[in-house]
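>
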Amino acid sequence: MKKGSVLILGARSDIGMAIAHRFAQAGYDIQLAARQASSLDDARSDLQVRNSVMVTLHEFDALNSQSHEAFVTALPALPLIVVCTVGFMGVQKENAGNMASASLVMRSNFEGPASILGILANHFEHRGSGTLVGVSSVAGERGRASNYVYGAAKAGYTAFLSGLRNRLSRHNINVVTVLPGFVDTKMTAGMQLPKLLTAQPAHVADAIFVAVTQGKNTIYIKSIWRLIMAVIRIIPETLFKRMTL
Amino acid sequence: MKLAGWGQYPIIDATVVAPRSLEAVIKRIQLGNAIPRGNGRAYGDSAISLSNTIDMKHFNKLLAFDADTGQLVAESGVLLADVIDTFLPKGWFPSVTPGTKFVTIGGMVAADVHGKNHHKHGSFGRFIDWLDVITADGDVKRCSREQDSELFDWTIGGMGLTGIVLKVAFRLAPVSTAWIKQKTIPAKNIEHAMAIFESMEQATYSVAWIDCLSKGNDLGRSLIMTGEHAETTDLSEAAQKTPLRAPNKKKITVPFNFPSFILNGFTVKVFNALYYWIGKQRSKPSLVTWDHYFYPLDGILGWNKIYGRRGFAQFQCVIPLDQAGKGINALLQAISQASTGSFLAVLKRFGDQNSRFSFPMKGYTLALDFPITAPNLKLMSQLDNITIQYGGRFYLAKDSRMTASTFKQSEPRLAQFKAFQLQRDPNKAFSSEQAIRLDL
């Protein structure tokens with residue numbers, strides 16, 4: 005009853021770990037990829053003890069795109085499903101004033117994820133099956149003063165995923181774009197998040213699992229965000245530019 | 008943030024952090040007055056430190072399982088419910104379980120919890136092989152019966168005051184099904200109930216529910232419920248197909264605090280009479296699911312809120328066997344005379360227990376919930392005195408209102424506990440609001 009494996013890129017993140025648990029629960033083997041992968045040993049034990057599936061650890065640096073092809077070749081098996089949760093928010097003030105900070109955010113949220121998913125897409129195309137899941141953000145839907153560097157990188161990533169989906173749909177490969185709003189994670193720890201709009205990592209994982217099984221294209225995590233973003237997108241720019249969001 | 012135990016009393020505005028790494032926990036310990044917190048199921052202020060409560064929820068991994076011995080190695084923040092969800096389908100069940108599955112393994116160590124099988128199997132501590140404890144000096148120490156047995160013995164039942172439990176290696180017990188064969192035996196009064204307990208030592212699980220408003224010759228009128236793990240052959244044909252999977256029952260959530268008039272004496276009287284009547288009808292053996300048998304109240308999520316905003320306290324003591332007849336009788340009389348009622352009154356026979364600081368001892372334990380009111384607090388002090396008079400002691404995991412002098416009188420082991428702490432933790436790296444209140 006082997007179901008194949010799921011590769012989690014950025015497995016150390018709370019969302020990545022929740023996704024690993026969700027798919028392991030459903031019987032998939034799990035490949036955890038992150039920097040300093042060996043420190044995920046306890047997490048691997050946990051997944052194995054709970055779910056009796058095979059879990060492997062893989063050293064992966066999203067920013068080192070030179071290494072990505074070799075990374076994929078070295079995997080024990082080409083995964084059936086890939087979920088990329090790599091991302092880095094940074095601090096907008098620094099991103100606005102310092103190109104090095106901004107560049108790190110852009111590369112972490114766009115260049116790195118696009119590079120690895122691009123390579124995996126080629127392998128999937130060759131095989132003729134698979135699902136690629138990219139965790140982008142509602143922040144990419146429209147640039148706002150409070151986080152436009154992060155938002156711009158996510159916007160690029162969202163567009164990349166949409167193009168990838170368009171390219172691969174004829175090859176029986178689905179690409180899922182995930183647009184979470186607020187999620188209660190390490191990344192947002194200390195931020196004042198409105199409770200009604202904030203999802204738990206496990207909810208994100210559930211939603212992604214359903215999206216993968218049902219072959220969905222773009223998903224929001226709490227449906228209210230679809231509405232919020234629809235409103236934010238239609239505000240005329242003359243008005244929008246004067247708003248504080 | 009505002010913190011309280013399960014009894015919602017006292018409520019304390021305390022500093023809480025939830026570290027994600029061992030290094031971060033050690034940093035917090037260095038600040039002093041640290042206390043670990045699991046899932047907040049102790050009733051009072053056991054897991055609250057005003058300045059330094061350490062929420063262990065991120066330490067929630069299952070690290071290893073040995074299917075030959077049943078030994079599970081888990082981080083302390085793992086919920087017992089998670090352990091059951093993972094291992095019952097594989098034919099394993101906790102060797103000891105308290106009355107709720109929403110406790111953490113760390114909390115089970117700290118309170119050295121007992122279950123309905125204490126008379127036969129002892130408390131949780133008996134099934135622990137080793138512990139990893141972060142001590143006052145910031146080291147992680149592996150301890151067991153062979154290695155640093157002092158730390159091991161004082162940590163089991165030590166209420167988190169000897170260090171923060173990081174990992175626990177403990178044994179699960181093999182079971183064939185997810186079902187319990189339950190038998191209910193009515194007892195006409197407390198003497199009768201205790202006689203039944205004494206004659207039922209071979210039962211794996213046993214517990215009595217007491218109608219604590221009964222008076223005179225009926226004092227201690229009760230229902231004794233015994234249980235055995237069912238074998239596959241005990242099950243219906245349909246259930247035999249998946250013996251380790253019991254049907255899920257629906258969870259009911261109590262969404263808000265009930266107004267406290269709901270729980271006046273009249274309501275409790277009606278409730279008690281009804282429960283007693285239902286029990287009599289069901290005196291034939293019946294098959295119930297593990298969840299129904301061990302965790303009836305977990306089915307009502309947030310049931311602690313039915314006591315209203317003022318919260319409630321639980322009184323739980325144990326009276327040594329040779330004094331138990333008189334002692335339990337005196338306690339029940341005091342309760343019955345006060346007529347304040349009690350939603351839950353539970354009696355259980357404890358077996359032998361040899362441990363440094365754990366609650367159980369050979370004898371009878373009585374547990375009752377009381378809404379927090381002035382008369383009830385007074386009654387509970389009266390019950391404290393009766394307990395001490397008969398040589399009994401108190402369960403710290405339930406306590407939220409005892410005084411230091413009561414505790415001292417009940418606990419001859421206190422001086423030794425403090426001596427151990429002074430030796431290992433002279434600067435009070437660990438303390439809780441309960442420890443301060445009880446001078447522990």
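The listed protein sequences correspond, in order, to chains A and B.
Taken in order, the first sequence gives residues 5 to 249; the numbers are from the working numbering.
Taken in order, the second sequence gives residues 8 to 447; the numbers are from the working numbering.
The beta carbon of each residue, even a glycine, is placed where N, CA and C say it ideally should be.
All figures in this text were calculated on a predicted structure; none of them were measured in a lab.
Between which residues of its own chain and residue 414 of chain B is the CB-CB distance below 6 Å, once the five residues before and five after are set aside?
Excluding positions up to five away in sequence, the list reads 445.
> Could you please tell me which residues of the region 57-80 of chain B, in chain order, have their CB closer than 9 Å to any CB of chain A?
Correct list: 67, 68, 69, 70, 71, 72, 79 and 80.
> Which residues in chain B sit within 9 Å of residue 30 of chain A, going by Cβ to Cβ distance?
Simply none; closest approach about 15 Å.
> Within a Cβ cutoff of 6 Å, which residues of the same chain sit near residue 11 of chain B, ignoring the five residues on either side of it in sequence?
Excluding positions up to five away in sequence, the list reads 18.
> Alpha carbon to alpha carbon, how far is residue 371 of chain B from residue 114 of chain B? Give it in angstroms, no decimals.
Using only the alpha carbons, I get a separation of about 23 Å.
> Output yes if chain A places a C-beta closer than 7 Å to the C-beta of residue 169 of chain B; else output no.
For residue 169 of chain B, the answer is no, since every Cβ of chain A falls outside 7 Å of its Cβ.
> For the beta strand (DSSP E) holding residue 352 of chain B, just list the boundary residues, first then last.
Per DSSP, residue 352 of chain B belongs to the beta strand (DSSP E) from 352-357.
> What are the start and end residues of each continuous beta strand (DSSP E) run of 3 or more residues lying completely inside the region 173-220 of chain A, in chain order?
Correct list: 177-183.
> Does the Cβ of residue 52 of chain A have 16 or more other Cβ atoms within 10 Å, making it buried, or fewer, making it exposed?
The residue is buried, with at least 16 neighbouring Cβ atoms inside 10 Å.
> Is the separation between the beta-carbon of residue 11 of chain A and that of residue 80 of chain A shorter than 7 Å?
No; because the gap between Cβ atoms is not below 7 Å, this pair is not in contact.
> Look at residue 13 of chain B and residue 311 of chain B and say whether their C-beta atoms are less than 7 Å apart.
Yes, Cβ-Cβ distance for residue 13 of chain B and residue 311 of chain B is below 7 Å.
> If you draw a straight line from the alpha carbon of residue 228 of chain B to that of residue 112 of chain B, how long is it in whole angstroms?
Between residue 228 of chain B and residue 112 of chain B, the C-alpha separation is close to 35 Å.
> According to DSSP, simplified to helix, strand and coil, what is residue 187 of chain B?
Three-state DSSP puts residue 187 of chain B in a strand.
> Have a look at residue 36 of chain B and residue 145 of chain B and give me their C-alpha separation to the nearest angstrom.
Each residue's alpha carbon lies about 7 Å from the other.
> Listed from N- to C-terminal order along the chain, which residues in the region 86-100 of chain B have their beta-carbon within a distance smaller than 7 Å of any beta-carbon of chain A?
The residues in question are 93.
> Can a CB atom of chain B be found closer than 7 Å to the CB of residue 50 of chain A?
Yes, residue 50 of chain A counts as interfacial toward chain B.
> Put residue 207 of chain B into one of helix, strand or coil per three-state DSSP.
If DSSP states are grouped into helix, strand and coil, residue 207 of chain B belongs with coil.
> Report the option in B:93, B:196, B:221 and B:186 whose CA atom is closest to the CA atom of residue 240 of chain B.
For the residues B:93, B:196, B:221 and B:186, the minimum Cα distance to residue 240 of chain B belongs to B:186.
> Cα separation between residue 50 of chain B and residue 209 of chain B?
When rounded, the distance between both Cα atoms is 31 Å.
> Tell me, please, whether the CB atom of residue 54 of chain A is closer than 7 Å to any CB atom in chain D?
Any reference to chain D falls outside this structure, whose protein chains are A and B.
> When the Cα of residue 155 of chain A is compared with those of A:142, A:164 and A:165, which residue comes out closest?
Answer by Cα proximity: A:142.
> Excluding the five sequence neighbours on either side, which residues of its own chain have a C-beta within less than 7 Å of the C-beta of residue 118 of chain A, listed in chain order?
Excluding positions up to five away in sequence, the list reads 161 and 164.
> Excluding the five sequence neighbours on either side, which residues of its own chain have a C-beta within less than 7 Å of the C-beta of residue 159 of chain B, listed in chain order?
Taken in chain order, the residues that qualify are 138, 150, 151 and 152.
> Give me the chain B residues within the contact set of residue 46 of chain A, using Cβ-Cβ distance strictly less than 9 Å, ordered along the chain.
Going along chain B in sequence order, the residues near residue 46 of chain A (Cβ under 9 Å) are 68, 70 and 82.
> How many whole angstroms separate the CB atoms of residue 52 of chain B and residue 441 of chain B, which I take to be in contact at a CB cut-off of 8 Å?
Between residue 441 of chain B and residue 52 of chain B the Cβ distance is about 5 Å, and since that is below 8 Å, they are a contact.
> Over what stretch of residues does the alpha helix (DSSP H) that includes residue 101 of chain A continue unbroken?
From DSSP, the alpha helix (DSSP H) with residue 101 of chain A extends over 96-101.
> Tell me the rounded alpha-carbon separation between residue 170 of chain A and residue 194 of chain A.
Distance between the alpha carbons of residue 170 of chain A and residue 194 of chain A is about 38 Å.
> Round the Cβ separation of residue 86 of chain B and residue 49 of chain A to the nearest angstrom and send it over; I've been treating them as touching at under 8 Å.
With 8 Å as the limit, residue 86 of chain B and residue 49 of chain A do not qualify as a contact, their Cβ atoms being about 17 Å apart.
> Closest to residue 334 of chain B by C-alpha separation, out of B:92, B:294 and B:400, would be which residue?
For residue 334 of chain B, the nearest C-alpha among the options comes from B:400.
> For residue 145 of chain A, I'd like the list of residues in its chain whose CB is within less than 7 Å of its CB, leaving aside the five on either flank, ordered along the chain.
Result list for residue 145 of chain A: 233, 236 and 237, in chain order.
> Tell me which same chain residues have a C-beta within less than 7 Å of the C-beta of residue 379 of chain B, skipping the five on either side of it?
These residues qualify, in order along the chain: 16, 317, 318, 319 and 320.
> Roughly how many whole angstroms lie between the Cα atoms of residue 161 of chain B and residue 363 of chain B?
Their Cα atoms are separated by approximately 6 Å.
> Mapping DSSP to helix, strand and coil, what is residue 55 of chain B?
DSSP places residue 55 of chain B in coil when its eight states are reduced to three.
> For residue 158 of chain A, which residues in the same chain have their Cβ closer than 7 Å to its Cβ, ignoring the five residues on either side in sequence?
Closer than 7 Å at the Cβ level, and outside the excluded window around residue 158 of chain A, lie 113, 140, 141, 143 and 144.
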